[in-house]
Ligand SMILES: NC(=O)c1ccc[n+]([C@@H]2O[C@H](COP(=O)([O-])OP(=O)(O)OC[C@H]3O[C@@H](n4cnc5c(N)ncnc54)[C@H](O)[C@@H]3O)[C@@H](O)[C@H]2O)c1
């Protein structure tokens, strides 16, 4: 049976996607350095799927390691080929993801995100694995006021994190130009939040997270006194930034849809926005979360942060047109399902 390699599969989006892959009868190999996740997540993935009555023990494996170790990675591809479980497609989540840390530590971000991808692509090429879904980001766009972002819009990331995503997309373009047997989809995610409804897969970060929801949880748990909202003087309806929040399970489902799309169509290299097409302000989602969860916590407004943009919302028409997919879950679902981990 063929194997799907999920790099960074123990992380937040990766673990939710593994649940979907297993439920769709795929054989999954996770490679993860665990720099921002833990081995426990493998058990949580298995438990989540088992609770749905599916036996998964033999369909998922985790190998701990850093993708930048090229020889080691090639050996993994070789071992899976010898075991008659060839790696035929890859979903590439692994990478460092904090916009703000990338501004503080650009070398670390370029090193991790770019070298791991080069190493992965070389191993894929060597072992004739030509299907790739890459986790790109809305950060690659040059925002254009209060307009929805389309795949054809100007690309001009401002931060080192966004630049690594852009350069990987460009590398994938060069690869496809020289070898047009690849099937590549770069999914440009907007703002994933929420968790699987069974509640076993919280969003966790080992270091300090600058994402909104992990910071809300820190405030609720009393690890910080107040939640800081950066900027209330943006040109948006309530002055706070507007984002396209998408339920992480809708995002996970988009990966299955993209895999099916790539398998059913001609070889190509395509970038697709994965968002809901609807904007919600930071203040609105905080109030919604408080209302739905019945939890109050203090928040304060502070100056704008470097790297922030007032409005990042997807035009998701390409995804709706090409993929057999649409985002089903509401902002309320995202607030209900978000796990407040202990
Ligand atoms: N979460 C978001 O808001 C968001 C938005 C847009 C794009 N993305 C992208 O989606 C992907 C997944 O995001 P996430 O939120 O699940 O992040 P995450 O940090 O939870 O997961 C990433 C995983 O990759 C692993 N990893 C990192 N570097 C590695 C390496 N060199 N070798 C092997 N494993 C490595 C980490 O241990 C972690 O488990 C990332 O590429 C991120 O940039 C995330």
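Residue numbers (our numbering): 24 to 365.
Quick reminder that beta carbons are idealized off the backbone N, C-alpha and C, glycines included.
For residue i, the residue or residues it bridges with in DSSP
{"i": "residue 155", "result": "113 and 207"}
{"i": "residue 333", "result": "For residue 333, which the question treats as bridged, DSSP gives no partner whatsoever."}
{"i": "residue 29", "result": "53 and 114"}
{"i": "residue 324", "result": "252"}
{"i": "residue 293", "result": "208"}
{"i": "residue 164", "result": "178"}
{"i": "residue 352", "result": "Note: residue 352 sits in no beta bridge, so no partner."}
{"i": "residue 266", "result": "303 and 335"}
{"i": "residue 276", "result": "For residue 276, which the question treats as bridged, DSSP gives no partner whatsoever."}
{"i": "residue 221", "result": "Beta-bridge pairing links residue 221 to no other residue."}
{"i": "residue 83", "result": "51"}
Exposure of residue i, with buried meaning 16 or more beta-carbon neighbours within 10 Å
{"i": "residue 420", "result": "One cannot answer for residue 420 here, as it falls past the ends of the chain, which runs 24 to 365."}
{"i": "residue 53", "result": "buried"}
{"i": "residue 346", "result": "buried"}
{"i": "residue 382", "result": "Lying before the first or after the last residue shown, residue 382 is absent from the chain, which here runs from 24 to 365."}
{"i": "residue 74", "result": "exposed"}
{"i": "residue 167", "result": "exposed"}
{"i": "residue 116", "result": "buried"}
{"i": "residue 204", "result": "exposed"}
{"i": "residue 37", "result": "buried"}
{"i": "residue 191", "result": "buried"}
{"i": "residue 323", "result": "exposed"}
{"i": "residue 64", "result": "buried"}
{"i": "residue 325", "result": "exposed"}
Rounded straight-line distance, which links the Cα of residue j to that of residue i
{"i": "residue 178", "j": "residue 106", "result": "42 Å"}
{"i": "residue 213", "j": "residue 94", "result": "34 Å"}
{"i": "residue 57", "j": "residue 231", "result": "15 Å"}
{"i": "residue 253", "j": "residue 202", "result": "45 Å"}
{"i": "residue 108", "j": "residue 102", "result": "9 Å"}
{"i": "residue 270", "j": "residue 277", "result": "11 Å"}
{"i": "residue 268", "j": "residue 289", "result": "31 Å"}
{"i": "residue 137", "j": "residue 317", "result": "43 Å"}
{"i": "residue 262", "j": "residue 92", "result": "45 Å"}
{"i": "residue 320", "j": "residue 313", "result": "8 Å"}
{"i": "residue 162", "j": "residue 49", "result": "30 Å"}
{"i": "residue 337", "j": "residue 98", "result": "39 Å"}
{"i": "residue 236", "j": "residue 170", "result": "24 Å"}
CB contact check: residue i to chain C, cutoff 9 Å
{"i": "residue 280", "result": "Looking for chain C here will not work: only one protein chain is present."}
Integer-rounded CB distance, given that residue j should sit under 8 Å from residue i
{"i": "residue 206", "j": "residue 295", "result": "Between residue 295 and residue 206 the Cβ distance is about 13 Å, and since that is not below 8 Å, they are no contact."}
{"i": "residue 208", "j": "residue 281", "result": "5 Å"}
{"i": "residue 194", "j": "residue 140", "result": "7 Å"}
{"i": "residue 149", "j": "residue 25", "result": "Contact doesn't hold; Cβ gap of about 17 Å is too wide."}
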